[in-house]
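Numbering (the working numbering), first residue to last: -16 to 608.
Glycine included, C-beta positions come from ideal geometry on N, C-alpha and C.
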Amino acid sequence: MMSRRRSLTFEVVVEQGGKPNIDGVFPDEAAARERAAYLLRLAKFPVVRILMVNQAGKEEVIFQKSTSGGAKPTTISPIDESDVGPATLCTDALQLFSYESRMLLLRLLRGYWDDQAVIPAEQLHRYYPLRYFEREALLFNPAVSRLATLQAPLLGVKPFDRHDQLMRMFTRLKEMAQASDTLAPFDAALARGGVGGLLAAAAERPPEERDRLVTHAFAAVLEPCRDWPGKVKALLRFHREDGEEEANRRLLDQMLAETVDGREPVRALIGYAPDLGAALQSLIAAVHGDLDDRLPHTDELLALSNALGGGGFDETRRALLRRIQGGLAGLTPLTRTGSAAEGKSFGIIVDRLTNFDGFLGGAGMAEALTRRAKTVWSSGGQDASFDMAVQRLATRLPAPAQRIGYLLDLATSPFGRNKLSVLIRQVATEFESITSARELVAPGVSTDDVRSGLGRRLRAAGIPRALAEGLIAKIAAIPDAERSLGIPLLAPPAGEVVTRATEETVLIDVSKAAAERLVLFWRGQTRAIPEDGTQIVIGRSSQCQFVLDIASASRRHAAVSRQDGVFVVEDLSRNGTQIAVPGVAEPRRLKPGEPLPLPPRGEIVIGSTELGEEPARIAWEIVKR
């Protein structure tokens, strides 16, 4: 009797568009019924049933129930040549497990993954889902045909030849999925020794097998998690900030990026979002690693934000930025309370996305922001003109490097290329206003690096060769002594502390600002604005200008900057920041997020004696230059 029971399996099958699709295969009936009950609560499928399958393959329906949900057809998502790079051109089935290939499949079949609540790293190892996916002719055939059409020219073959290659790889993929039980030791290595233990075990096998081994191990961790926040939580258990090797973090970063790169995963992670503007602001805060834990976000998004705040998760940041870009590019209003609130919300988003050389997210984000600006700054029922939207966005960027970077990124996008002459004029105007290479160049960057970097961006943007060479020569002609800039090349986004301008242009008294500088002193270190940047951030993160070793300090605890010609300090933390000023008996506690103008001298105090800490006291002084 026991052997007979072990020979039975229980398939949970859902119907979509009148066609069956195996959701999962379970060794016992209780687990199958639990999964079926969960799927019925989702109300996404019109029919959910359980099949009992014996060793001979005979099937018997032991449970079936109908709901009013589902029936929405799933189709492939549009992709083009820009999505198909050399790393995605697989010639062997093992290459399908690479990160680049998985991300391509993720974007091509976004609706399918969302419906199944899985990612390619999971599904590529599961035989039954692969088998039933192949039978979904209205999804499978268009997906293979689209890939064949895009990849054939890059491989120098005919589309039908590439189609045949893809079909053979898929057949091989199913064969490997049937034998995936042999990879159980690597699952155990991940569970026992974390990412480092998994990579050590995988190192004993041929390099071409590595991606298959590690994704199978992570799939074993992710498969029991039936929702997106659960998957993120499961992955973050492997995050060890202290002493984590770069290879370990890079692999975890890829798995996290694959998990959050989609509208449904992000929607489930945010939890609290009264409107699109608030949702986008939450995602931007998560990218920066400073999500406000006083708002009712999910614990998983807060944990993800904390991980990103420690640095080293570039792919995950890019995935979240793509979702921010997608939200801005859509038609959904940012708020539900009118144009004034819409403009305010958009202004906050713009400021928070500001980077050293434009906007986070590059050309795609520049285009999305410009398109959104046209609608946010509309008048009389008419969208703002392209010229006006670009001008007002550029006005919000306080530094020449930021304005030039935005214009070049926009010129690189398909949207900007249609207005290239307008952008060329603005780029030339910005360069004409530059009097020192300090306005464009990061510390330690050589003249050759400046020239080549600018040259690449100018050529990519379609700037005429003669003009591009003239602009580069203008920078190269400035003496080396002036070719160092206080703004770090990878400085934290200036949007957190730069001017939060109103919708009118803010005029800054440049002569007054240039006559003063703010100097901060702590433990023998000296930093100054503007010599060391447009802002100075204090906190536990290694990316801060002053790095604290205080347990109660946040990764990005406080920031000092110049706003409208005035030096201000802003609390970015959870535990508070105090300001001590000579002649004032009691230190002043800052209000979170509210910039406080700084007097000529004083101290920024971070830490709590009540917790047994010795607070850090960062002194400042505003001096004339």
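Query                                                                                                                                                                 : Result
If we call anything under 9 Å between Cβ atoms a contact, is Asp392 one with Gly341?                                                                                  : yes
Looking only at C-alpha atoms, which of Pro248, Lys357, Asn37 and Leu406 sits nearest to Asp97?                                                                       : Pro248
If you reduce the DSSP assignment to three classes, tell me which class Trp360 lands in.                                                                              : coil
Fully enclosed by the segment 125 to 167, which alpha helix (DSSP H) runs are 4 residues long or longer?                                                              : 142 to 161
Can you tell me whether Val101 is buried or exposed, with buried defined as 16 or more other CB within 10 angstroms of its CB?                                        : buried
Which residue from Gln546, Gln161 and Gly590 puts its Cα closest to that of Arg379?                                                                                   : Gln546
State buried or exposed for Gly245, treating a residue as buried only when at least 16 other CB atoms are found within 10 Å of its CB.                                : buried
Could you compute how far the alpha carbon of Leu122 sits from the alpha carbon of Val204?                                                                            : 27 Å
Please state whether the Cβ-Cβ distance between Arg18 and Val(-5) is less than 9 Å.                                                                                   : yes
Hey, how far is the Cα of Asn92 from the Cα of Trp505?                                                                                                                : Note on identity: in this sequence residue 92 is Leu, with Asn being the wrong assignment. So the two alpha carbons sit approximately 53 Å from each other.
Between Ser84 and the rest of its own chain, which residues show a CB-CB distance below 7 Å, the 5 nearest in sequence each way excluded?                             : Thr71, Cys73 and Gln78
Which whole-angstrom value describes the C-beta separation of Ile253 and Leu284, a residue pair presumed to lie in contact below a C-beta threshold of 8 Å?           : 6 Å
In terms of residue numbering, what span does the beta strand (DSSP E) encompassing Gln528 cover?                                                                     : No beta strand (DSSP E) holds Gln528; DSSP gives it neither H nor E.
Do Ile533 and Thr560 count as a contact pair if the criterion is CB distance below 9 Å?                                                                               : no
Apart from the five residues on each side of it in sequence, which residues of its chain come closer than 6 Å, Cβ to Cβ, to Val543?                                   : Ile519 and Val552
For Phe342, which beta-bridge partners are listed by DSSP?                                                                                                            : Thr337
Are Gly522 and Arg500 close, meaning C-beta to C-beta below 9 Å?                                                                                                      : no
Under the rule that 16 or more other beta-carbon atoms within 10 Å means buried, what is Thr592, buried or exposed?                                                   : exposed
Lys2 lies in the beta strand (DSSP E); which residues open and close that run?                                                                                        : Lys2 to Phe9
Given this structure, state the Cα-to-Cα distance separating Leu403 from Glu415, to the nearest angstrom.                                                             : 18 Å
Among Phe153, Gly176, Gln365 and Ala356, whose alpha-carbon lies nearest the alpha-carbon of Val197?                                                                  : Gly176
Is the CB of Leu72 under 9 Å away from at least one CB in chain C?                                                                                                    : Checking the listed chains, one finds no chain C in this structure; it contains a single protein chain.
Report the residue from Glu325, Asp170, Pro168 and Phe153 whose alpha carbon sits nearest the alpha carbon of Lys357.                                                 : Glu325
Which residues in the same chain as Ala202 place their Cβ atom closer than 7 Å to its Cβ, once the five residues preceding and following it in sequence are excluded? : Ala104, Glu105 and His108
Could you check the C-alpha separation between Ser128 and Arg145 for me, to the nearest Å?                                                                            : 9 Å
Give me the residue from Ala184, Arg355, Ile601 and Met159 with the minimum Cα distance to Asp170.                                                                    : Ala184
With DSSP run on the structure shown, which of helix, strand or coil describes Val67?                                                                                 : coil
Could you please give me the residues that DSSP links to Phe504 through a beta bridge?                                                                                : Thr509 and Ala602
Who does Val(-4) pair with in a DSSP beta bridge?                                                                                                                     : Ile5 and Arg32
For Gly590, count neighbouring Cβ atoms within 10 angstroms of its own Cβ and tell me buried if that reaches 16, exposed if not.                                      : buried
Of all the options Thr299, Pro207 and Pro381, which has the alpha carbon lying nearest to the alpha carbon of Thr517?                                                 : Pro381
Taking the alpha-carbon of Leu89 as reference, which of Tyr110, Asp66, Tyr111 and Ala76 has the nearest alpha-carbon?                                                 : Asp66
Distance, Cα to Cα, Met86 vs Pro583?                                                                                                                                  : 52 Å
Do the CB positions of Ile5 and Tyr95 come within less than 9 Å of each other?                                                                                        : no
Would you tell me roughly how many angstroms separate the C-alpha atoms of Ser328 and Ser322, rounded to the nearest one?                                             : 10 Å
Identify the residues that DSSP records as bridge partners of Ala563: which are they?                                                                                 : Glu586
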